[in-house]
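One structure is given here, and the rest of the page talks about it.
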Amino acid sequence: MTHVTSTPDVTVVVIGYNDAKRLPTAVRSVLNQTLRSVDVVIADDASTDTTPAVAADLMAADSRVQYVRLAENSGGCGKPRNVGREHARGRYVMFLDSDDRLERHACKNLLEALEDNAADFSMGLVRRQYMATGRQTLWYPWLFEKRRVVGGLGDCPELIQDVLSVNKLYRLSFLDEYGLAFPEDVHYEDQLFTFQAYHRARRIAIIPENVYVWRIYPPVKVRSITQRRHQIDNFHQRLEVHRRLDSYIAEHGTPELQRVKDLKFLENDMRLYLADIIDGDGTVTAEVLREAEPYLRAMPRDRFDALGISLRAACGMALRRDLDGLREIMLLDRRNIFAARISDHEGRTYLSNTAHEPGPDAAFALEAPENAFLVADGSTMLNAPFGTFRLLHEVVGTTRRGPSVVLHGRTFDALHKVAAARSDWTLTIEGKVRGEQHPRWESHVTVEEQRHDGLRWSVTLSPGPPFVMVASSVEWELIASLRIHDQVSRTPLLWHPSVEPVPAPLPLAATVGLAQSGFVGPVEGGAARVSVVSAPGIRRRVVNRVRKRLLPVAEQKVVRPWRDVHTKLLHGAYAAMRRLPLDHRLAVFEANMGTVYGDSPKYVHEEMRRTRPDIRAVWALPAGSRAPYPDVTVVERGSAAYLRALARAAYWVDNQTFPPYVRKRPGQRYLQTWHGIPLKKMGHDEPGRPPPPQQPDRGVGAWDELVVPNAYFEETFVAAYRYTQGLIRYGTPRNDPLVNGSLVRDAARSALDLPPEALVILYAPTFRQDNRSTQVAVETPFDAGALLGAFDDNTYLLLRPHYLNRIRVPSAAQHRTLDVSDVDDVNMLYVAADILITDYSSVMFDFALLRKPIVFYTYDYAQYLAARGTYFDLAEMAPGRFATTTEELASAVASAEADREVFAEKYDEFVERYCGVEDGKASARALARLLGPSGESL
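The sequence shown begins at 162 in my numbering and counts up by one.
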């Protein structure tokens, strides 16, 4: 048992109600703090579960734990926090909810920041953890990018965005000095308490470290207070808090403080309730609008003028009480789906309800907010490139055809992107099991009508696989996948609220034998689903037993052995295929382990088509990929067709490595182009990793020729892999278009649907080992919204993660951000971009050939050096500025053109030493060496 020996520095008040199961985790997260001088006050809001017994056990185990119980439930968080604070013994106090936890160093880091800066309180970063999926996000991370001290709201008004009280350490004497306490008669008490603390504080210390883990659980029958927006009383409570804030500011604040608070209400609180219309029936939203209307109309007009176009237009629809129009606007605001109509009237551009007469509503004056708020004049969103937003795809009707279900849908194309693409587009409906990343099937739609503003289409869901699985419950998500040119947009297929769900297409055997039922219709969020559910009772228990007991046995005893047998048979067949005659008119190409038609193999292939059309090409690409040319055969990596091609082809071209079971046979020639000039150490040089084995028929040992861009590559990469065969000096095939002028900036921008006069920033980071998956998307390590906010609206950000990683487009920057992961040829991105932001990626060496500005975002440079090591000090040799925060990054991008002279000499040295020696003929040299003596004349 741990005993308290002195007055603690920090008291953490843990509040809870009927949360006995999770309470110990919260309390132990305090007791296990690296700051040992802490104690805990458990403030129990009159729980009716086993909370008292659990608290007693915690007190028995550690005397630093106190327990106080309210006589009756208060219905909120304010009173238990106030009561807990009254029992605090420390000089400082924190607050913690029983279903969350503190980071291990939270108290220590916050206390040091507070005392070192003589602050009234300190605050740190919150990490939101979604318990059902494991996904994590950060709470307003841009507020916590760097360590700093601010003088309250007057000095830093953006603090108002963070209304939480739980990520802060307060000096008790500061709270007592101003009588700061939580209101006990209203929910959302954090907002009032935190606002007053911000306003009264003389010094606030802000740290970049995580201090609080906000654990978000799936909704249950009784939702938490912040998840009960569907209850109209919840909106009453929020509005009441803001009215009290208005009264407080009127007495103690300034007009600027009132403006900041009003914007916070519109951009956060009001927005939440307006968004409920997306998948609601409108009943609660109508009540919210009636309640909110007087409050909204009393606000000065300049508050609405400061909003983004979509939220301002939503306020206009709200004041019109147009629920359908509000839904369309909120789809744009919250989900980046352009669902509203755009129309020009007497020189002005309006957003309109697609079902009504476009333009201003004649029932209101032109300058009335009901019309003025929907004016979109000058918004660059109206010229947004395809990929920065989603088109509206939704089910608007259904038909039964025997056991099948026909979904009738519409695709609304407000900006006419499909029409502009002419015939170079495809639309498919994909199905994937909920929780999985990749679809299991896809179906091309039947286009019934095409107009300038969209499509009418249908798709048939037929009985049988894949909709029936041995499970008591399966849910298939339906995704609309639209490809225009080389850009792909995948959007959840929506289900219009007016359309009733229909029975799912199930085979007779499933319906009768397993008593399964199902429906096609919407789920929470309004997205279309195919849900299959076993009927309750004995048959569901049978299905569960099969799934839980028999299927794992079948997987272990039957499926896995069969997979092993199948693999052995396939490899055995491959061994037999290797005895077939070589085909000297066949070449196999692969890039990025069979994922793209791109990189240097693409340009070697293009050269082969031009000069040796007699040689047939097989490309390894993902299943379902389109062939780059009609006479090119596409095979999936690992398939029988893939192995047959590798067994028979006289020529192999690759930029990384073939699977480990592949063996080169005598007479075959293997050209390795590699996929970049190294900064990080590799092969035998890589710390902590055994050197790759040298075998003459596989891996490095099988390469006959290696493309060597320059002497630096030969000194590092060639030496690191102990490679001793042919070297093709100098240049890289994929860089030929960068130096021979065959790629033109305007054409590249046109292909990406980017405005020719825009400022285009390309962000292309290196591979991140801690996210070696495309399953889980990561956030940009900087605030993309703030970065773009530093420039005019005609600035766009292209996100190009490593092909083994996936990146999430930040919602705050969606209309000006393109995820260009699906663009196979990175050269198009280099040519289209004005500036490159990277970290340690080899893209820096290729991009530098264009002599465009490069900015290095290296927030983790020390850690990267320690983990991987580099062949040279990038900080010393980089031909551009280093940045470690969003603010520094924006400054570096803004000054990139002006910095050309500053970095001119260093840029020249960098290109000469580390970049390829390029003459635009590397593809021809590589092909000649691949073909051997017969190809030397090329």
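All C-beta atoms, glycine included, are put in the ideal place defined by N, C-alpha and C. As the structure is a computational prediction, the values presented were derived from the model and not from experiment.
Rounded to whole angstroms, what's the CA-CA distance from G679 to P664? Just pull it up for me. As the crow flies, the alpha-carbon of G679 is around 6 angstroms from that of P664.
Work out the CA separation of L643 and T587 for me, nearest whole Å. When rounded, the distance between both Cα atoms is 6 angstroms.
Report buried or exposed for L741, applying the criterion of at least 16 other Cβ atoms within 10 angstroms of its Cβ. Flag for L741 reads exposed.
With distances taken between CB atoms, is the gap from A811 to V796 smaller than 8 angstroms? The answer is no: Cβ separation not under 8 angstroms.
Drop a sphere of 10 angstroms on the beta-carbon of G312, count the other beta-carbons inside from all chains shown, and report buried for 16 or more, exposed for fewer. Exposed, because fewer than 16 other Cβ atoms sit within 10 Å of the Cβ of G312.
May I ask you to report which of helix, strand or coil DSSP gives W303? Here W303 sits in helix by DSSP.
Looking at the structure shown, is R787 part of a helix, part of a strand, or coil, going by DSSP? DSSP places R787 in coil when its eight states are reduced to three.
Enumerated in chain order, which unbroken segments of the alpha helix (DSSP H) with a length of 4 residues or greater are wholly contained in the segment 1018 to 1067? Scanning the segment 1018 to 1067 from its first residue to its last, the whole alpha helix (DSSP H) runs of 4-plus residues come out as 1022 to 1029, 1035 to 1038 and 1047 to 1055.
Have a look at Y1032, F1033, A1009 and L1091 and flag the residue whose alpha-carbon is nearest the alpha-carbon of F1064. The closest CA to that of F1064, considering only Y1032, F1033, A1009 and L1091, is found on A1009.
Where does the unbroken alpha helix (DSSP H) through L285 begin, and where does it stop? In the sequence under discussion, the amino acid at residue 285 is Gly, which differs from the Leu named in the question. Per DSSP, G285 belongs to no alpha helix (DSSP H); it is in the beta strand (DSSP E), F282 to Y291.
Below 8 angstroms on the Cβ atoms is my guess for N328 versus M284; work out the distance and round it to an integer in Å. About 6 angstroms separates the two Cβ atoms, so the contact holds.
Tell me, please, which residues DSSP counts as bridged to H506. The partner list for H506 (beta bridge, DSSP) reads R509.
Rank D585, K841 and R1012 by C-alpha distance to the C-alpha of Q1024 and give the top, closest one. Of D585, K841 and R1012, the smallest CA-CA separation from Q1024 is found for K841.
Are at least three pairs of beta-carbons, each pair with one atom in the segment 446 to 454 and one in the segment 393 to 405, less than 8 angstroms apart? Short answer: they touch.
N-terminal and C-terminal residue of the alpha helix (DSSP H) that V241 is part of: For clarity, residue 241 is Pro in the given sequence; the question names Val instead. Note, P241: alpha helix (DSSP H), G239 to E247.
Let me know if E489 comes out buried or exposed under the rule of 16 or more other beta-carbons within 10 Å of its beta-carbon. It counts as buried.
Cα-Cα separation between V869 and S1084, rounded to whole angstroms: C-alpha of V869 to C-alpha of S1084: approximately 12 angstroms in a straight line.
Taking 8 angstroms as the cut-off, decide whether the C-beta atoms of L997 and L915 are in contact. Against a cut-off of 8 angstroms, the Cβ pair of L915 and L997 comes out as no contact.
Straight-line CA distance for Y456 to A533? Cα-Cα distance, rounded: 18 angstroms.
Excluding the 5 residues flanking I470 on each side, which residues of the same chain have their C-beta closer than 7 angstroms to its C-beta? Excluding sequence positions up to five before and after I470, its CB lies within less than 7 angstroms of the CB of A537, S540 and M542, all in the same chain and listed in chain order.
Within 10 Å of its beta-carbon, does Y822 have 16 or more other beta-carbons around it, so buried, or fewer, so exposed? A residue is called buried once 16 or more other Cβ atoms fall within 10 Å of its Cβ, and Y822, having fewer, is exposed.
Segments of 3+ residues assigned as beta strand (DSSP E) that fall wholly inside the segment 870 to 907: Runs of the beta strand (DSSP E) inside the segment 870 to 907: 887 to 890.
In the DSSP assignment, the beta strand (DSSP E) including F354 goes from what residue to what residue? Where F354 is concerned, there is no enclosing beta strand (DSSP E), although the alpha helix (DSSP H) it sits in stretches over E350 to R361.
Our contact map puts R551 next to I498 with C-beta atoms below 8 angstroms; I'd like the distance itself, whole angstroms only. Right, the Cβ-Cβ distance comes to about 5 angstroms (below 8 angstroms), so this counts as a contact.
Rounded to the nearest angstrom, what separates E767 and A1053 at their Cα positions? Rounded to whole angstroms, the gap between the alpha carbons of E767 and A1053 is 38 angstroms.
Skipping 5 residues on each side, what residues in its chain have a beta carbon closer than 8 angstroms to that of V383? Because the pLDDT at V383 is just 40, under 50, the model does not fix this residue reliably, and the value given afterwards should be weighed accordingly. Closer than 8 angstroms at Cβ, skipping near neighbours: no residue.
Exposed or buried, what is R933 when buried is set at 16 or more other beta-carbons lying within 10 Å of its beta-carbon? Low per-residue confidence applies at R933: pLDDT is 41, beneath 50, and the placement is therefore not dependable, though the value from the model is reported in the following sentence. Burial call: exposed.
Between which two residues does the alpha helix (DSSP H) holding V327 run? Per DSSP, V327 lies in no alpha helix (DSSP H) and is assigned neither H nor E.
At the level of alpha carbons, what is the spacing between P820 and Q833? C-alpha of P820 to C-alpha of Q833: approximately 14 angstroms in a straight line.
Report the three-state DSSP secondary structure of N371 (helix, strand or coil). If DSSP states are grouped into helix, strand and coil, N371 belongs with the strands.
Applying the 10 Å Cβ sphere with the 16-neighbour rule, what's the burial state of N115? Outside the modelled stretch of the chain, which goes from 162 to 1099, sits residue 115, for which no answer is possible.
Determine the DSSP secondary structure at Q526, reduced to helix, strand or coil. A quick correction: the sequence has Ala, not Gln, at residue 526. Note: A526 maps to coil in three-state DSSP.
Look at the Cβ atom of F573, then the Cβ atom of G520, and state whether they are nearer than 8 angstroms. If you check the CB distance, F573 and G520 do not come in under 8 angstroms.
Would you kindly report the start and end of the unbroken alpha helix (DSSP H) that includes A436? Its alpha helix (DSSP H) spans residues R432 to A436.
Segments assigned beta strand (DSSP E), at least 3 residues, entirely inside the segment 162 to 227: Here the runs fully enclosed are 171 to 177 and 199 to 205.
Less than 8 angstroms separating the beta-carbons of I503 and L492? For I503 and L492, no; Cβs fall outside 8 angstroms.
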